[in-house]
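First the structure, in the form of structure tokens, and then the observations on it.
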Amino acid sequence: MPERLIWDEAHECMSREEMKKLQSEKLVKQVRHVWDNVPYYRKLMEEKGVTPDDIKSVDDISKLPFLSKADLRDAYPYGLLAKPLSECVRIHSTSGTTGKRVVAFYTQNDVDMWEECTARAITAAGGTKEDVLQVAYGYGLFTGGMGIHGGSHKVGCLTLPMSSGSTERQIQFMQDLGSTILCCTPSYAAYIGETVAEMGIKPEELKLKAGIFGAEPWTEEMRQEIERMLGIKAYDIYGLTESSGPGVAFECCEQNGMHINEDHFLAEIIDPDTGEPLPEGTKGELVFTSLDKEAFPLLRYRTRDVCVLSREKCSCGRTLIKMAKPMGRTDDMLIIKGVNVFPSQIETVLLKMSNATPNYQIVVDRVGTTDTFEILVEVSPDMFSDTVKTFEELQKKISSDIQGMLGIRAKIKLVEPKSIPRSEGKAVRVVDKRKLV
Amino acid sequence: MTIYNGKRVIYMTVKQLSVFCENRPGRLSGITRLLADNDINIRAMSIADTKDFGILRLIVNDFEKTLQVFKDNDMAVTSTNVLCIRLADKPGGLADAMECLYKENISVEYMYAAFISETDETAYLVLRVDKLDTAVTALEEGGFKLVSDDELKKL
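Chains as they are written, first to last, in the working numbering: chain L, 1 to 437; chain E, 1001 to 1155.
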């Protein structure tokens, strides 16, 4: 068992009553802040006939309107901003087209709060100021790199801002500088593990003891595989750009569900169809309310992640509510190689190739620990030519446009018309062969 | 259909059908059986293939009917005007034709042999070129016999 260290015991081990009181105070303040500064949300509240006076405690949360990804798109880029830009110090953004892109703003306080959250996650994984923490998440607009980086500083770890890629160099640093904690996506961790083996290095030759892996779904089997390959304990971490980034929830030594930093993020589970709140322990859509964020305070944001919350006592001593690994989505978003992919983005690319949207199918699988991403495209007469070269150029064009949009490569396979299976006349758009749940 | 240099050029060409087909077992069998069931005779054919897909190029005895059959069966099909040259079936027969095109700076995109007749010592060659009208003129002036769609039906 790792040592039971807790970063912020006052908050992480708060009694239920105290936590509720704290959340209620913050919520009242936050609703007022949003009402005063975000006309977009104020209008939603007015449409629902709610004013800040109606929100007296967390029990009133369901009176507030939801925010969805569509709202973020409508309000792009400044519509949900609650602070003057002069008080913002940073932005982060998700991948995607302009239509789907989320740009989140941070004040210095927001960055500090976020880094406190990742510091909790690092500590829960056994990290202390004695550790050497290697960040192999991408740095940049993606929240992974910077988020963990900041938390690592707070904990006082010697931080290696490697970013992702250059795997052999990652491993060399691991050996030379004795990295003890690795942070990256689980698929990259698995890839590092495979490369370690290929290089003839035994796990015990590395000083790694723990890993914090997130930004994409992974299974229990994958956890065991990574733990075996790298000789570590592997911990899950959850977050989304809309709420700040990784660190909204994190695993403790129990490795069984993620503690939500509920003093900062109020979690609810709702029925995705009716929007009605569901009792604790019921499977439904996860909804977050940012209680402390100043610049980009989303109230009742629908994550589209399906999961279960549990308040069972945890052996680690934390009282923070736990969320199970997300069990799926209520929309059509896929996470491939850590990147959010919407079928509509593929449509946008294909539409440029043809007068009508060609029928297509996204096939995702996992070979070993790496996602494979293939797009079948039905050849339509108007994209038809009688030379192989034209088809090969078409394949290349689609492939490079997809990569340009998503940042990941897809294998494009041209197929005959009507060859993609249809269900009730509609082509089946997504085949996900990965067994993630 | 692209209209090149007037009707004469079109008249001197042959209509070819190109069908997109995936590389998977049974595909060629299926397509050729479809033609057989519709009483269509293949006069020339070639396949251009890659790892994943191929393009089956066909010259048939009844172009319109075949086009309809393919369309009715939801196949991606297109038509192209190609040249069909009659050549002496002897060494150098093809070289002379190629030289004739080369002199006019005409590129051959692809070509394949067709319905070689055993009786009259001639060979037929199907060609797709980049400058169709120039090619027709050059070949005719070079003394080559171009076969038209109508003539093809009688062969």
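Glycine included, each C-beta is placed from N, C-alpha and C at the ideal position.
The model shown is predicted, which means the values in this text are computed figures rather than measured ones.
Asked                                                                                                                                                                      : Found
From H153(L), E168(L), K209(L), pick the residue whose C-alpha is nearest to that of G178(L); which is it?                                                                 : K209(L)
M229(L): which of M45(L), A215(L), E205(L), L240(L) sits nearest, CA to CA?                                                                                                : E205(L)
Assign V367(L) to buried or exposed, taking buried as 16 or more other Cβ atoms, counted over all protein chains shown, within 10 Å of its Cβ.                             : exposed
When you compare only the Cα positions, how much space is there between T98(L) and P77(L)?                                                                                 : Note on T98(L): pLDDT 42, under 50, position unreliable in the model; the coordinate value appears next. Whole-angstrom Cα-Cα distance: 10 angstroms.
Which whole-angstrom value describes the C-beta separation of Y41(L) and L320(L), a residue pair presumed to lie in contact below a C-beta threshold of 8 angstroms?       : Not really, about 27 angstroms apart at Cβ, beyond 8 angstroms.
Which residue marks the beginning of the alpha helix (DSSP H) containing T118(L), and which one marks its end?                                                             : 108 to 124
Here's the rule: buried if 16 or more other CB atoms are within 10 angstroms of the residue's CB, otherwise exposed. What is Q403(L)?                                      : exposed
Give the secondary structure of H264(L) by DSSP, where H, G and I count as helix, E and B as strand, and everything else as coil.                                          : coil
At a CB-CB cut-off below 7 angstroms, which residues of chain E make contact with L394(L)?                                                                                 : By Cβ distance, chain E contributes nothing, its closest Cβ being about 11 angstroms from L394(L), past 7 angstroms.
Which partner residues of F105(L) appear in the DSSP bridge assignment?                                                                                                    : I91(L)
Scan the region 1011 to 1022 of chain E for residues whose Cβ lies nearer than 7 angstroms to a Cβ of chain L and list them as they occur along the chain.                 : S1018, F1020, C1021, E1022
Only counting the same chain, and skipping five residues up and downstream in sequence, which positions put a Cβ closer than 8 angstroms to that of I375(L)?               : I346, Y360, Q361, I362, V363, I398, I402, A410, K411, I412, K413
Going along the chain, which residues of its own chain have a beta-carbon closer than 8 angstroms to the beta-carbon of A1113(E), five neighbours each way excluded?       : A1044, A1123, Y1124, L1125, V1126
Using the beta-carbon of each residue, which ones in chain E are nearer than 7 angstroms to E416(L)?                                                                       : F1020, C1021, E1022, M1075, A1076
Please classify K202(L): is it buried, with 16 or more other beta-carbons within 10 angstroms of its beta-carbon, or exposed?                                              : exposed
Mark N340(L) as exposed unless 16 or more other C-beta atoms lie within 10 angstroms of its C-beta, in which case mark it buried.                                          : buried
Just to confirm the assignment, what range does the beta strand (DSSP E) spanning N1081(E) have?                                                                           : 1077 to 1088
Using a C-beta cutoff of 9 angstroms, does A1095(E) count as contacting chain L?                                                                                           : no
Chain L partners of T1180(E), CB-CB under 8 angstroms?                                                                                                                     : Nothing in the structure corresponds to residue 1180(E), since chain E is present only between 1001 and 1155.
Residues bridged to Y1124(E) by DSSP?                                                                                                                                      : R1086(E), A1114(E)
Over what stretch of residues does the beta strand (DSSP E) that includes S399(L) continue unbroken?                                                                       : From DSSP, S399(L) is part of no beta strand (DSSP E) but of the alpha helix (DSSP H) over 388 to 406.
So, is the C-beta of T1050(E) closer than 9 angstroms to a C-beta in chain L?                                                                                              : yes
Which residues in chain E sit within 9 angstroms of F391(L), going by Cβ to Cβ distance?                                                                                   : F1020, T1050, F1053, I1055
For a test of the three-state rule: what should DSSP assign to F1070(E), helix, strand or coil?                                                                            : helix
Do the region 1063 to 1070 of chain E and the region 1035 to 1049 of chain E make contact, defined as three or more Cβ pairs closer than 8 angstroms?                      : yes
Pick out whichever of D305(L), D432(L), F265(L) has its Cα sitting closest to the Cα of M327(L).                                                                           : D305(L)
Report yes if the C-beta distance between I1055(E) and I1042(E) is below 9 angstroms; otherwise report no.                                                                 : no
Going by C-alpha distance, which of T369(L), E9(L), L44(L), V428(L) is nearest S68(L)?                                                                                     : L44(L)
Would a check of beta-carbon distances place V363(L) closer than 9 angstroms to chain E?                                                                                   : no
Taking only beta-carbon atoms, is V428(L) less than 9 angstroms away from chain E?                                                                                         : no
Does the beta carbon of R1128(E) come closer than 9 angstroms to any beta carbon on chain L?                                                                               : yes
Quick one: does D8(L) have its CB under 9 angstroms from some CB of chain E?                                                                                               : no
For L286(L), name the three-state secondary structure that DSSP assigns.                                                                                                   : strand
So, for D54(L): in the same chain, excluding its five sequence neighbours on each side, which residues have a beta-carbon less than 7 angstroms away from its beta-carbon? : D60, K63
Is the separation between the beta-carbon of M222(L) and that of P277(L) shorter than 9 angstroms?                                                                         : no
List, in order along the chain, the chain E residues whose C-beta lies closer than 7 angstroms to that of K413(L)?                                                         : D1052
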